Each structure stands twice: as structure tokens, then as C-alpha cells.
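*Asks:* I'd like to ask some things about the structure below.
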Amino acid sequence: MSSVYSNMRTKLKKGDLVKVITGKDKGKIGKIISFVPKKNRAIVEGVKIIKKHEKATQTSKGGIIEKEAPIDISNVMLVCPHCNKPTRIASKFLDDGTKVRVCQKCNETI
């Protein structure tokens with residue numbers, strides 16, 4: 001399994017700009033930091049912030065820290081870099097045989 005894609009069912013990649021379409025963080029936009037492939041979830045920058053109580057160790061101070069929790073992939077939608085709108089993703093083969101992702105709204109390659 002590739003580390004760039006979360007799994008074979010999604011067309012999102014690490015580093016993509018996504019918008020949350022449902023849940024308590026609806027409307028927030030952030031970049032995908034990482035994936036949790038077995039649970040079909042992604043960690044998005046600035047979305048679903050939780051407080052975690054961490055014990056002090058030799059390397060870290062400890063205390064209450066804020067971090068991002070995983071959000072289900074079905075709750076986010078890719079934001080097209082050309083039209084700046086949340087969109088579905090289509091796949092298309094170019095003339096040289098490479099497969100690219102295409103915005104469904106403006107038909108530009110992503």
C-alpha cells in the first residue's frame with residue numbers, strides 16, 4: 001500500500017487542501033497531515049482539536065496539550081486549487097499515459 005494515498009477507495013493525498021463538509025468543524029479548511037488507513041481516517045491541520053493530558057518524561061514537559069484527532073475521510077472534500085471550491089475528483093489519462101486527478105467543476109487537473 002502506498003504511503004501517499006490513504007487506501008484504494010479515496011483519491012485524497014497527503015498535503016491536499018480539504019474542507020470539512022459535516023460535523024462540529026463544518027466549513028473549516030485545512031491541509032491533510034497524515035492518514036490512518038485501517039480506520040479510513042485522515043488527520044487535518046486545525047480540525048478536530050482535542051486536549052490530551054500528557055505525563056512528563058525526560059524529553060517532554062508534560063501537561064495539557066492540544067492536537068488534531070483523526071476525522072473520517074467521508075466528512076472532508078478536496079478544495080480545487082484553480083476554482084477554490086470543494087469538489088469531487090475524477091480520474092483521467094493524459095496522452096502520454098499518465099493518470100491525473102481532475103476537478104469535476106472546472107475540469108482542470110489537480
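Each residue of the sequence shown is one higher than the one before, starting from 1 at the first, in full-length UniProt numbering. Beta carbons are placed, not taken as given, at the ideal position from N, Cα and C, and that holds for glycine. Since this is a predicted model, take the numbers as computed values, not measurements.
So Met77 and Pro70 are in contact, right, with Cβ under 8 Å, and what is the actual spacing, rounded?
*Replies:* Not really, about 17 Å apart at Cβ, beyond 8 Å.
*Asks:* Per DSSP, which residues does Arg41 bridge with? Please list them.
*Replies:* Val36 and Asp72.
*Asks:* Please confirm whether Ile49 and Glu66 have their CB atoms less than 8 Å apart.
*Replies:* The answer is yes: Cβ separation under 8 Å.
*Asks:* In the DSSP assignment, what are the bridge partners of Glu54?
*Replies:* Glu54 is bridged to Gly63.
*Asks:* To the nearest angstrom, how far is the alpha carbon of Leu12 from that of Val47?
*Replies:* Going by the C-alpha atoms only, they are around 16 Å apart.
*Asks:* Taking Val18 as the reference, give the member of Lys51, Thr57, Arg88 and Lys55 with the closest Cα.
*Replies:* Cα-wise, what sits closest to Val18 is Arg88.
*Asks:* Suppose the cutoff is 8 Å on Cβ atoms and the five residues either side in sequence are ignored; what does the same chain contact list for Ser60 look like?
*Replies:* Closer than 8 Å at the Cβ level, and outside the excluded window around Ser60, lie Glu54.
*Asks:* Please classify Cys80 as buried or exposed, where buried requires at least 16 other C-beta atoms within 10 Å of its C-beta.
*Replies:* By the neighbour-count rule (16 or more Cβ atoms within 10 Å), Cys80 is buried.
*Asks:* Suppose you measure from the CA of Gly63 to the CA of Ala56; what does that come to, to the nearest Å?
*Replies:* Going from the Cα of Gly63 to the Cα of Ala56 covers about 7 Å.
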